[in-house]
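Chemist: Before I ask anything, let me first share the structure, which is written out below as structure tokens.
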Amino acid sequence: DQQVKQNSPSLSVQEGRISILNCDYTNSMFDYFLWYKKYPAEGPTFLISISSIKDKNEDGRFTVFLNKSAKHLSLHIVPSQPGDSAVYFCAASGFRNTDKLIFGTGTRLQVFP
Amino acid sequence: DSGVTQTPKHLITATGQRVTLRCSPRSGDLSVYWYQQSLDQGLQFLIQYYNGEERAKGNILERFSAQQFPDLHSELNLSSLELGDSALYFCASSVAPSGLSYEQYFGPGTRLTVT
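Have a look at this one:
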């Protein structure tokens, strides 16, 4: 049972444009959501997070939006840069007694010149 | 650099063998997590330790075990290895006490190949 889903395995965007990565979840008990970026042969790198009490969090070029009623979150990258090319994972947590993360399967973003 | 270190970086071993993966968390972090990433899969949570004690278990096989030592480093032991255990194994750490949500910081991973 995949509780966190990233339905787009890949996304290709032109440099300077907006990249929108989507994530859906099924468990209404999740109360904290995170986005990670992963380059080949490296560990995931934390990008940005959002608590369920908010609907938007912004950090520089990265903005995460949360729609609790739709159980949907998205990551916007504006403007996209070639260095943003990586695999992006959505993750969720909110379990009693643990803050383990449940990850989606990732979306590979390619930003071309 | 996340501040989380993992050794070894690569490990090649045969079926039936036993290996130990090591992780040192960021300075000050009390929680350590282990995740497995198989080919083309997302990261699967295996186990969490907080300040030396097991806090949560995920999809961890009985052939696998872990511990966290007084200096807070952690080891993941994999025994009776099978071909399907070939994967990337990531360690992550956070400052969080259990029940609260904080960012986790990941090490570079150990790539295990079972032949």
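Protein chains in written order, with our numbering: chain E, 1317 to 1429; chain G, -5 to 109.
Ideal Cβ placement from N, Cα and C applies to all residues, glycine included.
When we look at the beta-carbon of E:A1408 and count the other beta-carbons within 10 Å, is it buried (16 or more) or exposed?
Modeler: E:A1408 should be labelled buried.
Chemist: Given 8 Å as the limit, is there contact between the segment 1376 to 1390 of chain E and the segment 1325 to 1339 of chain E, that is, 3 or more CB pairs closer than that?
Modeler: Yes: the two stretches touch, three or more of their Cβ pairs being nearer than 8 Å.
Chemist: Pair every Cβ in the segment 1415 to 1425 of chain E with every Cβ in the segment 35 to 49 of chain G, then say whether three or more of these pairs are closer than 8 Å.
Modeler: Result yes; three or more Cβ-Cβ pairs closer than 8 Å.
Chemist: What number of angstroms, rounded off, separates the C-alpha of G:Q98 from the C-alpha of G:H4?
Modeler: For G:Q98 and G:H4, the distance between alpha carbons rounds to 23 Å.
Chemist: Determine the chain G residues that contact E:E1358 at a beta-carbon separation under 7 Å, and present them in chain order.
Modeler: Under the 7 Å cutoff, chain G gives P102.
Chemist: Which residues does DSSP list as the beta-bridge partners of G:L72?
Modeler: Looking at the DSSP assignment, G:L72 forms a beta bridge with G:V13 and G:F58.
Chemist: Just checking my contact of G:N71 with G:S59 at CB under 8 Å: how many whole Å lie between their CB atoms?
Modeler: Contact holds; Cβ gap of about 5 Å.
Chemist: Can you give the Cα-Cα distance for E:Y1404 and G:S68, rounded to whole angstroms?
Modeler: If I take the Cα positions, the gap works out to 27 Å.
Chemist: How would you label E:P1356, buried or exposed, when you count the other beta carbons within 10 angstroms and need 16 or more for buried?
Modeler: When all chains shown are included, E:P1356 counts as exposed.
Chemist: Could you give the residue range of the beta strand (DSSP E) that holds E:K1353?
Modeler: Y1348 to K1354 is the extent of the beta strand (DSSP E) around E:K1353.
Chemist: List the endpoints of the continuous beta strand (DSSP E) containing G:Q31.
Modeler: From DSSP, the beta strand (DSSP E) with G:Q31 extends over S25 to Q31.
Chemist: Answer with yes or no whether the minimum CB distance from E:S1324 to chain G is below 8 Å.
Modeler: E:S1324 does not count as touching chain G.
Chemist: How is the beta strand (DSSP E) around G:I6 delimited, first residue to last?
Modeler: First-last of the beta strand (DSSP E) with G:I6: H4 to T7.
Chemist: If contacts are defined as beta-carbon pairs under 8 Å, then G:Q30 and E:T1421 qualify, I think. What distance do you get, rounded to the angstrom?
Modeler: So it is not a contact: roughly 14 Å between Cβ atoms.
Chemist: For the 8 Å Cβ check, are there 3 or more pairs between the segment 1373 to 1383 of chain E and the segment 6 to 23 of chain G?
Modeler: Judged by Cβ distances under 8 Å, the segment 1373 to 1383 of chain E makes no contact with the segment 6 to 23 of chain G, as fewer than three pairs qualify.
Chemist: Can you tell me the Cα-Cα spacing of E:N1323 and E:S1335, whole angstroms?
Modeler: Looking at the two C-alpha atoms, the distance is approximately 15 Å.
Chemist: Take the Cβ of E:I1366 as the centre, count every other Cβ of all protein chains shown within 10 Å, and call the residue buried at 16 or more, exposed below.
Modeler: That one is buried.
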